[in-house]
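See the structure below:
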């Protein structure tokens, strides 16, 4: 297998045609490796690849292979190679996910150390998900992370990780007790930072994310009268994400006006979060009827994906086509969108949301294959994006199935 691995790596690196390269990556993904192939696999991870500056998919496949081969020296290898990996977020995340999936105390502490030592401040929450992937991970790492960040007086990092842990349900509010005494001070500081930044700038996006994180953590102290008043005031914030986060942190929708709910439903970036929140509160009937359509849910799913992967909501988004495709043996609708990034002057980019049921009266809140390659319609076209989607489906085929979202009518 070692020889076959090296052959595929050379094909991936040298192929001139994208189709040939995709086929080689597919063969690489299907390759069965064992502990005897470890040295060659590590050699492969150390090579350079055509997608190192884009999505880092090739190296992601290799790190996935690495995490599936038990070896006590893998933790030390990842620690050693991490500083010299390309700075592409997806590649760094793949390396950290390898440590997370090993899920030993040594690997999780190594993950914590790498995160603090090598990840730039404003990108810290790009790699939060391996830390809070499970209660076990959070239990081992959360205290260490908070201690290290507190030593560096890095308030943004503290709130980013705490907010992600709360949202994932892997960090208990009781673990945040130390944040209580100064949380209102931190809220006011975050608000001032947000107001000082220019609209549509990268600094505004970073400030927004920090403010959202602070408001999220405030939900752990909602029983405090001053915190409760501050949260209810924040529901009126000009930024829809901040305002919606405050609504959720209040743990009640009884005081939400129809105008506020309409505001969150109208905004694609908060539409499905509002629906999920109301459903969890047993108040699904309060969701504005106008936006309870499959097309609206598909648009919301696309916008939410962009928020989570591009770190900001799209400035503009428009539906340009709907395709019926059969992936993994199931026929469904896929909605194609063009969007403009909030802090980029580039042209319209393309994304796909889905699957959605063929029955237009039913809808999903989380499309398994929703994605964007951040490429333009002019450069690649819809058919090229569909090919990417099919390749993504082929890669998913042999992976463990994730829980399905129940179709709602």
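Numbering (my numbering), first residue to last: 786 to 1194.
Yeah, the Cβ is synthetic: ideal placement off N, Cα and C, and Gly gets one too.
Quiz item: Around the C-beta of residue 1170, are 16 or more other C-beta atoms found within 10 angstroms, so that it is buried, or is it exposed?
Solution: buried
Quiz item: In terms of residue numbering, what span does the beta strand (DSSP E) encompassing residue 1141 cover?
Solution: 1134-1141
Self-check item: Per-residue DSSP class, three states only, for residue 797
Solution: helix
Self-check item: Nearest neighbour of residue 1158, chosen from 1123, 1127, 1144 and 1140 [CA to CA]
Solution: 1123
Quiz item: Under a three-way DSSP split, which group does residue 1195 fall into?
Solution: Nothing can be reported for residue 1195: it is not among the residues displayed for the chain, which extend from 786 to 1194.
Self-check item: Cβ-Cβ separation, residue 831 to residue 866 (assumed contact under 8 Å), whole Å
Solution: Their Cβ separation, rounded to whole angstroms, is 7 Å, which keeps residue 866 and residue 831 in contact under 8 Å.
Practice problem: Measure the alpha-carbon distance for residue 1168 versus residue 1147 and round it to whole angstroms. | Solution: 26 Å
Self-check item: Reference residue 1035, options 993, 1005, 970 and 875, closest by Cα
Solution: 1005
Practice problem: Quick one: grab the DSSP three-state call for residue 1158. | Solution: For residue 1158, the secondary structure class from DSSP, reduced to helix, strand or coil, is strand.
Self-check item: Cut-off 7 Å between Cβ atoms - residues of its own chain near residue 1085, not counting five sequence neighbours on either side
Solution: 1053, 1056 and 1057
Quiz item: Since residue 1120 sits in a beta bridge, which residues does DSSP pair it with?
Solution: 1107 and 1138
Practice problem: Spell out a yes or no on whether the region 1076-1093 and the region 966-978 are touching, meaning 3 or more CB-CB pairs, one atom from each, closer than 8 Å. | Solution: no
Quiz item: Which residue from 965, 872 and 892 puts its Cα closest to that of residue 856?
Solution: 892
Quiz item: From residue 861 to residue 957, what distance separates their C-alpha atoms?
Solution: 31 Å
Quiz item: Closest by CA to residue 1079, which one among 1160, 806 and 1140?
Solution: 1140
Exercise. Output the boundary residues of the alpha helix (DSSP H) element that contains residue 946.
Key: 940-953
Quiz prompt | When 1018, 854, 979 and 841 are compared against residue 820, the one with the closest alpha-carbon | solution = The shortest C-alpha separation from residue 820 is found at 854.
Quiz item: According to the neighbour-count rule (16 or more other Cβ atoms, all chains shown, within 10 Å of its Cβ), is residue 889 buried or exposed?
Solution: exposed
Quiz prompt | Cβ-based neighbour list, residue 1165, same chain, cut-off 8 Å, excluding 5 preceding and 5 following | solution = 1135 and 1158
Exercise. Report the option in 838, 1021, 872 and 887 whose CA atom is closest to the CA atom of residue 858.
Key: 887
Self-check item: Endpoints, alpha helix (DSSP H) assigned at residue 1088
Solution: 1079-1095
Exercise. Please classify residue 908: does DSSP put it in a helix, a strand, or coil?
Key: Summary for residue 908: the model assigns pLDDT 39, below 50, so the residue's position carries little reliability, and this model does not support an answer.
Quiz item: Which residue or residues does DSSP assign as beta-bridge partners of residue 1071?
Solution: BP columns for residue 1071 are empty, so no partner.
Practice problem: Would you tell me roughly how many angstroms separate the C-alpha atoms of residue 979 and residue 804, rounded to the nearest one? | Solution: 44 Å
Self-check item: Per-residue burial, residue 786 [other beta carbons within 10 Å of its own, 16 or more giving buried]
Solution: exposed
Self-check item: Spatial distance of residue 836 from residue 1110 (CA atoms)
Solution: 27 Å
Practice problem: Just the C-alpha distance for residue 849 and residue 823, rounded to the nearest angstrom, thanks. | Solution: 13 Å
Quiz item: Can you tell me the Cα-Cα spacing of residue 851 and residue 826, whole angstroms?
Solution: Rounded to whole angstroms, residue 851 to residue 826 spans 7 Å at the Cα level.
Practice problem: Determine, using beta-carbon pairs with one atom in the region 948-955 and one in the region 1000-1014, whether at least three such pairs fall under 8 Å. | Solution: yes
Quiz item: Given residue 907, which residues of its chain have a CB within under 7 Å of its CB, disregarding the five upstream and five downstream residues?
Solution: With a pLDDT of 34 at residue 907, under the threshold of 50, the modelled position of this residue cannot be trusted, and the question is left open.
Practice problem: Would you mind working out which of 1061, 808 and 969 sits nearest residue 1010, comparing C-alpha positions? | Solution: 969
Practice problem: Within 10 angstroms of the Cβ of residue 905, are there 16 or more other Cβ atoms? Answer buried if so, exposed if not. | Solution: At residue 905, the pLDDT of 46 sits below 50, so the modelled position is not reliable and the matter cannot be decided from this model.
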